[in-house]
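Residue numbers (full-length UniProt numbering): 1 to 299. Please read the structure below before turning to the comments.
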């Protein structure tokens, strides 16, 4: 099983220090998102990207993905940032993706991480027919972007986020099957499913099995006193250090190793959101996380 790390989760302001730490922790693969010497993957110039690629090569690291917040940007509070049915928005996203593919070329990254369309207000109360139409519309748009990715020789990875039309494993599975394109695969953020109300079990994994090209892995606490007879797993509480948390990682990790051996397991602890008692320093949290995940996948 191949592990990777978001360089912006290592606690350094300079990219070179983050690369050094990643290499010292034993990573061979990295993911790029933010803290790129003052830029994010959505703001960095192509010339600056070339300079950073030289540093990456000097540390013997490979880039697994460029991870964008700009493609169908999520609104975690307040109204959505765009109209899902606005053709102008989709054309704009094509331009954004073209630039991301340019960056992926520079970084020799095979994957570009994106989001699907935003989740309409009150969607869960819609009729089954209305939901089905919106799921298929979302898939048609993401297929269009996957075709673009294929032309550029890249793989588009869609991540599950609560405010989107693919908030959990079940909806990711629908998206992939409805889009039905080899250029679109899944970045399964396993514990984001719990945030959206779907506890990530082996049964949940069945929805995405054989389509997972990357995961985001972290720990999580259960919300206090939230477990009930009807919901024995309880509700998501907060992010935590894996191995010191309330989620049993091994069953799902083992299933992914068996059925999706190509998946890159990217450690993304969400350090700023951790409880104060868990803020032991970004590098120490990453070290503990990596050690734990390696220990449960060793066999």
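Cβ coordinates follow ideal geometry from the N, Cα and C atoms, glycine included.
Could you spell out the range, first to last residue, of the alpha helix (DSSP H) harbouring residue i?
i: residue 295; result: 282-296
i: residue 175; result: 169-179
i: residue 143; result: 128-151
Mind checking which residues open and close the beta strand (DSSP E) that includes residue i?
i: residue 115; result: 111-115
i: residue 16; result: Residue 16 -> not in any beta strand (DSSP E); alpha helix (DSSP H) instead, spanning 15-24.
i: residue 155; result: 155-159
i: residue 222; result: 219-222
Return the CA-CA distance between residue i and residue j, expressed in angstroms with no decimal places.
i: residue 199; j: residue 282; result: 27 Å
i: residue 197; j: residue 211; result: 22 Å
i: residue 150; j: residue 228; result: 46 Å
i: residue 24; j: residue 61; result: 11 Å
i: residue 111; j: residue 82; result: 25 Å
i: residue 216; j: residue 256; result: 12 Å
i: residue 54; j: residue 121; result: 45 Å
i: residue 91; j: residue 138; result: 15 Å
i: residue 89; j: residue 73; result: 11 Å
i: residue 50; j: residue 117; result: 31 Å
i: residue 190; j: residue 244; result: 17 Å
i: residue 16; j: residue 95; result: 30 Å
i: residue 102; j: residue 156; result: 14 Å
i: residue 241; j: residue 266; result: 14 Å
i: residue 334; j: residue 162; result: Any property of residue 334 remains undetermined from this structure, which presents the chain solely from 1 to 299.
DSSP beta-bridge partners for residue i?
i: residue 2; result: 264
i: residue 30; result: 5, 63
i: residue 164; result: 118
i: residue 10; result: Answer by DSSP bridge pairing: none, since residue 10 is not bridged.
i: residue 185; result: 157
Can you find a CB in chain B that lies within less than 8 Å of the CB of residue i?
i: residue 273; result: Looking at the structure shown, chain B is missing, and only one protein chain is on hand.
3 or more residues per run - each beta strand (DSSP E) lying fully within the segment 188-214: none
Beta strand (DSSP E) runs contained entirely in the segment 37-116, provided each spans 3 or more residues: 62-67, 111-115
Segment contact flag, the segment 185-197 with the segment 163-172, C-beta cutoff 8 Å, min 3 pairs: yes
Every unbroken alpha helix (DSSP H) inside the segment 235-279 [4 residues or more]: 250-259
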